[in-house]
Amino acid sequence: MNAAGTAVLRLDDVHRVHGQAATEVQALRGVSLAVYPGELVAVMGPSGSGKSTLLTIAGGLDSPTSGTVCVEGRDLGGLDRAGRARLRRTSVGYVFQDFNLVPALTAAENAALPLELDGVRARAARGAALAALGELGIEELADRFPDQMSGGQQQRVAIARAVVGERRLVLADEPTGALDSETGEEVLRMLRARCDAGTAAVMVTHEARHAAWADRVVFLRDGVVVDESSPLPPTALLEPSLR
Amino acid sequence: MVCIPGMVASGGHENPGGPMSVRHSLLALLEEGPMYGYQLRAEFERRTGGTWPLNVGQVYSTLARLERDGLVEARGDDGEGHRMYAATPAGTAAVGEWFATPVARSQPARDELAIKLAVAVTVPGVDVGAMIQQQRSATMTALQEYTRLKARAAVDDPAELAWTLVLDSLVFAAESEIRWLDHCETRLRRAEIDRARRTPSSSVEPSSSVEPSSSVEPVETPGGAR
Ligand SMILES: Nc1ncnc2c1ncn2[C@@H]1O[C@H](COP(=O)(O)OP(=O)(O)O)[C@@H](O)[C@H]1O
Ligand SMILES: [Mg+2]
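Chains as they are written, first to last, in this note's numbering: chain C, 1 to 243; chain F, 1001 to 1226.
In structure tokens, the structure reads:
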């Protein structure tokens, strides 16, 4: 998909070693991955296989021991701390299992936060936040506080916060982990819709039924990508004999 | 009509639902009113999304048997040369009984995947790890397809709703197959680690049968799960 376009995220032969000598853990061992605009990629693997390490490295929260990471064509290794922090704020949105909304802020304020941290004026930030909530179909939650929302609603606000402004890359670590199956599916539909509108996303999940919303599923084992699955081209759906 | 490619390759679907469910389904559809063979086939497929395609010969032979058993009766022709069928009172009673009786889970369906894995685990020289991964990937591909079809379906039409319920059944089956594969992999890796521990001689080269990487250390490091 979009193989000719520029990857929003590109990992090239990424290794990450935690600890040293006796306690050394090779969390990633030569992972390469490219994610294009409009693509939703799911990452599956047993616990300890390096999924979270992959996401934190992709988002510039952690650095590879060797290999390169590019976000929107910029090599994170070539940026200083401040540059990486800026790229994180402007290009990358994170979604976590436990939503991580600021309890004292409303949904709109939470969604506006990344822009305000980036120096955008309050009014403009609020406008963008309301636009993000609106695009996700949850504008009615704008003035609610996290404790006035269900888990599924909080996670949708967290997705709004992840895509607010012009951010093109969403990284989600078990975004449905704390939700029941039905609510998790609604969150996935929303993420899918965002990707169909051009966002690139990488999502870690244990649940095959949620991974199935992705364009590609990457299987990690012991820090290595062992396989990928992607759906057949649409023609194959109409032509069973192709299988 | 959308056809679903590659039913989850577990072999349990060769004779989906069996002839009994086709017979009862067709009979039940006649509760809506008299129909002819092509119509019955279309109505069946509207509800099941072409998951289990019926050929029209099968529909007519089923109708002939239902007629012989006194469950349907011919109602002449619809004016365009189609032979119409309707349920008899005995047929309506049989439908009621079908809906009131749970589907028997007598013997496990012959599951090609379970059999294949059971054999592979015991035959020397088989890369079971690779086999599991290959299957997981294939099943995931099918699951992605079901999900795309589901995302497209409009649920406000009752026949579409029926068809998404069939899709959900395929989704659950594929999901459970993947969970089972994960489970097999974990158990096989554990068994391999135990074997390596019992033979402490350093010459033990872990057979590559379960795990593509070289590590024999415990897989789930404490604190690895987050
Ligand atoms: N900060 C850290 N220090 C040491 N080891 C770590 C650290 N973070 C992760 N690890 C180890 O790296 C491996 C991969 O971890 P992680 O990426 O969290 O896996 P996953 O998200 O798939 O469960 C595990 O063995 C884990 O124990
Ligand atoms: Mg993790």
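For every residue, glycine included, the Cβ atom is placed at its ideal position computed from N, Cα and C.
Nonlocal neighbours in the same chain, by C-beta distance under 7 angstroms from residue i, ignoring five residues either side
{"i": "R1047/F", "result": "A1159, A1162 and W1163"}
{"i": "G198/C", "result": "P37 and G38"}
{"i": "L55/C", "result": "L171, D173, V202 and V204"}
{"i": "Y1038/F", "result": "V1056"}
{"i": "S230/C", "result": "D215 and R216"}
{"i": "A1086/F", "result": "L1030, P1034, V1072, E1073 and R1075"}
{"i": "S66/C", "result": "H15"}
{"i": "G177/C", "result": "Q97"}
{"i": "A58/C", "result": "L9, L11, V69, L171 and V202"}
{"i": "D118/C", "result": "R89 and T90"}
{"i": "R84/C", "result": "G60 and L76"}
Whole-number beta carbon distance between residue j and residue i, since they are thought to touch under 8 angstroms
{"i": "L40/C", "j": "R144/C", "result": "So it is not a contact: roughly 27 angstroms between Cβ atoms."}
{"i": "R244/C", "j": "L171/C", "result": "Outside the shown range of chain C, which is 1 to 243, sits residue 244/C, and nothing can be said about it."}
{"i": "V217/C", "j": "A211/C", "result": "5 angstroms"}
{"i": "T1092/F", "j": "V1072/F", "result": "No, T1092/F and V1072/F are not in contact; Cβ-Cβ is about 10 angstroms, not under 8 angstroms."}
{"i": "R72/C", "j": "R168/C", "result": "This sequence places Glu at residue 72/C; Arg is not what is there. 6 angstroms between Cβ atoms; contact."}
{"i": "S32/C", "j": "D62/C", "result": "Incorrect: roughly 17 angstroms between the Cβ atoms, too far for contact."}
{"i": "G50/C", "j": "L28/C", "result": "5 angstroms"}
{"i": "C70/C", "j": "R10/C", "result": "4 angstroms"}
{"i": "V1185/F", "j": "G1129/F", "result": "Residue identity differs from the one stated: residue 1185/F is Glu in this sequence, not Val. E1185/F to G1129/F, Cβ: 7 angstroms. Contact."}
{"i": "D222/C", "j": "S1137/F", "result": "The Cβ separation is near 17 angstroms, so there is no contact."}
Min CB distance residue i to chain C below 9 angstroms
{"i": "Q1144/F", "result": "yes"}
{"i": "Q1058/F", "result": "no"}
{"i": "A1028/F", "result": "no"}
{"i": "D1182/F", "result": "yes"}
{"i": "A1138/F", "result": "yes"}
{"i": "T1101/F", "result": "no"}
{"i": "V1171/F", "result": "yes"}
{"i": "E1175/F", "result": "yes"}
{"i": "I1178/F", "result": "yes"}
{"i": "E1160/F", "result": "no"}
{"i": "T1141/F", "result": "yes"}
{"i": "T1186/F", "result": "yes"}
{"i": "A1196/F", "result": "no"}
{"i": "A1151/F", "result": "yes"}
Local conformation of residue i per DSSP, three classes
{"i": "D1157/F", "result": "coil"}
{"i": "R1197/F", "result": "helix"}
{"i": "E1205/F", "result": "Only weak support exists for where E1205/F lies, its pLDDT of 49 falling under 50; the value from the coordinates is given anyway. Coil at E1205/F, not helix or strand."}
{"i": "T90/C", "result": "helix"}
{"i": "H943/F", "result": "A query on residue 943/F cannot be resolved here, the shown segment of chain F reaching from 1001 to 1226 and no further."}
{"i": "Q97/C", "result": "coil"}
{"i": "E166/C", "result": "coil"}
{"i": "T65/C", "result": "coil"}
{"i": "G30/C", "result": "strand"}
{"i": "V35/C", "result": "strand"}
{"i": "F145/C", "result": "coil"}
{"i": "Y1085/F", "result": "strand"}
{"i": "H210/C", "result": "helix"}
{"i": "L105/C", "result": "coil"}
{"i": "A132/C", "result": "helix"}
Any C-beta of chain F under 9 angstroms from that of residue i
{"i": "A111/C", "result": "no"}
{"i": "V226/C", "result": "yes"}
{"i": "E207/C", "result": "yes"}
{"i": "A214/C", "result": "yes"}
{"i": "A46/C", "result": "In the sequence as presented, Ala is not what sits at residue 46/C; that position holds Pro. Yes, its Cβ sits closer than 9 angstroms to a Cβ of chain F."}
{"i": "S229/C", "result": "yes"}
{"i": "F219/C", "result": "yes"}
{"i": "A7/C", "result": "no"}
{"i": "R194/C", "result": "no"}
{"i": "R189/C", "result": "yes"}
Own chain residues within Cβ distance below 6 angstroms of residue i, not counting five before or after
{"i": "S52/C", "result": "D173"}
{"i": "L1143/F", "result": "A1174"}
{"i": "I138/C", "result": "R156"}
{"i": "G93/C", "result": "A162, V163, R167 and V170"}
Own chain partners of residue i with C-beta closer than 8 angstroms, once the 5 adjacent residues on each side are dropped
{"i": "V1123/F", "result": "none"}
{"i": "A108/C", "result": "R126, A129, L130, L133, A142 and D143"}
{"i": "L1029/F", "result": "M1035, L1040, E1043 and F1044"}
{"i": "L1026/F", "result": "L1040, F1044, V1059, T1062, L1063 and L1066"}
Cross-chain neighbours of residue i in chain A, by beta carbon under 7 angstroms
{"i": "T1147/F", "result": "Looking at the structure shown, chain A is missing, and the protein chains on hand are C and F."}
message: Please list, in chain order, the residues of the segment 156-183 of chain C that have any C-beta partner in chain F closer than 9 angstroms.
response: D173 and E174
message: Please identify, using Cβ separations under 7 angstroms, the residues of the segment 69-95 of chain C that lie next to chain F, in order along the chain.
response: none
- prompt: Using Cβ-Cβ distances below 8 angstroms, what residues of the segment 1123-1134 of chain F are close to chain C?
  reply: Q1133 and Q1134
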